[in-house]
Ligand SMILES: *Cc1c(COP(=O)(O)O)cnc(C)c1O
């Protein structure tokens, strides 16, 4: 607390990211990073970009990358907004499009950054409870009320909704914006992006941090009707004209073009997810069905916080949220096969198997 803080600062509850400690031989399964690393082509392109041209400002529109996004998703360029990680894209979405005066509707258990943005921008929100199976039920979201945001697959549950359910919602609430955060959609889900061509009240946000393994580069984007994109551009250009540097723009575009790398690495992750779920179930865990690069699981008799701590003592990090309804769960990111095996080995030691 400082006398120099603006009044709002003391009221903020900043998002707390998973820790990034420096421990030798750490098995790091706590922040949903992709264990396989980015496309080697993208790395080569980025190396080439580190040269004298860095004295110049980058393209403020990230045009080459935005074009790659438009091409991949089959939309026009004016349907694409690019930002410094999807966290920044979401920040602009909250400010430009979700601050309507009506309470924002979101799941009670979802990406915990959303409530932080609400405090930052003074947006009220209603937390709509997940059902007893920890699923989002879109029938619970009200028409003639505030806008709607959720992650699909949801975080940290991994639950997936299909495009049919999302289409039904956007049809039912034509005067409310629906924002779908698809950070994990590439691990087995079907994107709602095609629906954005038909419904002007739908905005889809994606990131290169998870399926493209570029969390360290900070690149995300949103796709929607040009009027929505223009609103985002107005906020962005009042905040930072150059959210992506030259290296990031080139690397992101190259990563998008390396479809082979994208496909093989995400297949590996989906296969490891399948094996990890079986290993956990064998050891007395209840595992929620997951379409993300993590699983969300609770042990039938052992305490979640204690398990997370015991794993930590064996240099295995998983994420534990001390929150109502989910405090018995562990969120375990899918690592390489070796990392998954190390996790299971540590678990066996803890469970005395
Ligand atoms: C990881 C994640 C993000 C943030 O991604 P960045 O692009 O790295 O900022 C956004 N939403 C959800 C649900 C996430 O899990």
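Numbering (the UniProt record's numbering), first residue to last: 1 to 353. Backbone N, C-alpha and C fix where the C-beta goes; we use that ideal spot for every residue, glycine too.
- Only buried fits residue 261, as 16 or more other CB atoms lie within 10 angstroms of its CB.
- Look at residue 210: its beta carbon is less than 8 Å from one of the heavy atoms in ligand 1.
- Around the beta carbon of residue 301, fewer than 16 other beta carbons lie within 10 angstroms, which makes this residue exposed.
- The nearest non-hydrogen atom of ligand 1 is less than 8 Å from the C-beta of residue 155.
- Out of 43, 180, 208, the CA that lies nearest to the CA of residue 266 is found in 208.
- Where residue 92 is concerned, there is no enclosing beta strand (DSSP E), although the alpha helix (DSSP H) around it starts and stops at 85-97.
- Fully enclosed beta strand (DSSP E) runs of no fewer than 3 residues occupy 220-223 of the segment 216-280, in order along the chain.
- Distance from the Cα of residue 282 is smallest, within the candidate group 227, 344, 324, 271, for 344.
- Per DSSP, reduced to three states, the secondary structure at residue 123 is coil, with no helix or strand assignment.
- Its chain contains 38, 42, 208, 251, 252, 255 as the residues whose beta carbon lies nearer than 8 Å to that of residue 214, once the 5 sequence neighbours on both sides are disregarded; these appear in chain order.
- CA-to-CA, the gap between residue 233 and residue 24 works out to about 43 Å.
- Residue 317 sits away from residue 347, with the two beta carbons spaced by 9 Å or more.
- In the DSSP assignment, residue 102 falls outside any alpha helix (DSSP H) and carries neither an H nor an E.
- When rounded, the separation of the alpha-carbon atoms in residue 99 and residue 288 is 33 Å.
- Judged by their CB atoms, residue 210 and residue 293 are nearer to each other than the 9 Å cut-off.
- Residue burial annotation: residue 114 is buried, with at least 16 other C-beta atoms found within 10 angstroms of its C-beta.
- Short of 7 Å from the beta carbon of residue 296, and not among the five residues preceding or following it, lie these beta carbons of its own chain, in chain order: 156, 157, 158, 288, 290, 329, 331.
- Around the beta-carbon of residue 182, 16 or more other beta-carbon atoms lie within 10 Å, marking it buried.
- In this structure residue 122 is exposed. Its beta-carbon is surrounded by fewer than 16 other beta-carbon atoms within 10 angstroms.
- When DSSP assignments are scanned along the segment 290-322, the uninterrupted stretches of alpha helix (DSSP H) that are 4 or more residues long and fall wholly within it turn out to be 304-313.
- Out of 73, 244, 315, 71, the CA that lies nearest to the CA of residue 86 is found in 244.
- Cα atoms of residue 224 and residue 351: separation of roughly 48 Å, rounded to the nearest angstrom.
- Residue environment: residue 17 is assigned as exposed (fewer than 16 neighbouring CB atoms within 10 Å of its CB, all protein chains considered).
- Straight through space, the alpha carbons of residue 66 and residue 237 are spaced by roughly 16 Å.
- The bridge partners DSSP lists for residue 28 are 317.
- In this model, residue 111 and residue 263 are separated by some 26 Å (Cα to Cα).
- Here the segment 187-204 lies against the segment 165-179, with 3 or more beta-carbon pairs under 8 Å apart.
- Here residue 273 is not near residue 185, since their CB atoms are 9 Å or more apart.
- The straight-line gap separating the alpha-carbon atoms of residue 10 and residue 1 is approximately 7 Å.
- A heavy atom of ligand 1 is found nearer than 8 Å to the CB of residue 86.
- A residue is called buried when at least 16 other Cβ atoms come within 10 angstroms of its Cβ; residue 50 does not meet this threshold and is exposed.
- For ligand 1, a non-hydrogen atom lies closer than 8 Å to the CB of residue 113.
- Distance from the CA of residue 61 to the CA of residue 90, rounded to the nearest whole angstrom, comes to 17 Å.
- One Cα belongs to residue 303, the other to residue 327, and the distance between them is close to 9 Å.
- Excluding five sequence positions before and after residue 103, the CB atoms of its chain that fall closer than 6 Å to its own CB belong to 124, 125, 126, 146, given in chain order.
- Relative to the non-hydrogen atoms of ligand 1, the Cβ of residue 342 never comes closer than 8 Å to any of them.
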